[in-house]
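In this note's numbering, the protein residues as written are 87 to 165. What follows is a single structure, written as structure tokens, with notes after it.
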Amino acid sequence: MALFITDECIDCAICVAECPNNAIFSGAKHCEIDPDRCTECEGFFAKPQCQEVCPVDCILPIPPSSPSEYPELYPPDSD
87 MALFITDECI DCAICVAECP NNAIFSGAKH CEIDPDRCTE CEGFFAKPQC
137 QEVCPVDCIL PIPPSSPSEY PELYPPDSD
């Protein structure tokens, strides 16, 4: 599983330095997480470090399948 950053992100980038997998980067609007690199810190820490340091609690697990709620995670061709 992986995490994602919601639009509530204030782009403080505190999470970028905390990621042991270098999965977090500064995107067009706010920080983003590469889901192919994110392991939720498994093997490194008991809890995802980005969630631990985020001042606005905007880092959440990717929902299993809810394209209507998070259309940005489910492009039209992602069947």
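We put the CB at the ideal spot given by N, CA and C, even for glycine.
Residues that DSSP places opposite residue i in a beta bridge
{"i": "P147", "result": "L89"}
C-beta contact flag for residue i and residue j at 8 Å
{"i": "C95", "j": "N107", "result": "no"}
{"i": "I145", "j": "Q137", "result": "yes"}
{"i": "L89", "j": "E128", "result": "no"}
{"i": "A109", "j": "D120", "result": "yes"}
{"i": "E104", "j": "F111", "result": "no"}
heavy atom of the ligand GDP below 7 Å from residue i C-beta
{"i": "P134", "result": "Among the components of this structure there are no ligands whatsoever, and the ligand GDP is therefore not found."}
Beta strand (DSSP E) runs contained entirely in the stretch 88-144, provided each spans 3 or more residues
For the beta strand (DSSP E) assignment, the uninterrupted runs of no fewer than 3 residues enclosed by the stretch 88-144 are, from N- to C-terminal side, 89-91, 110-112, 117-119.
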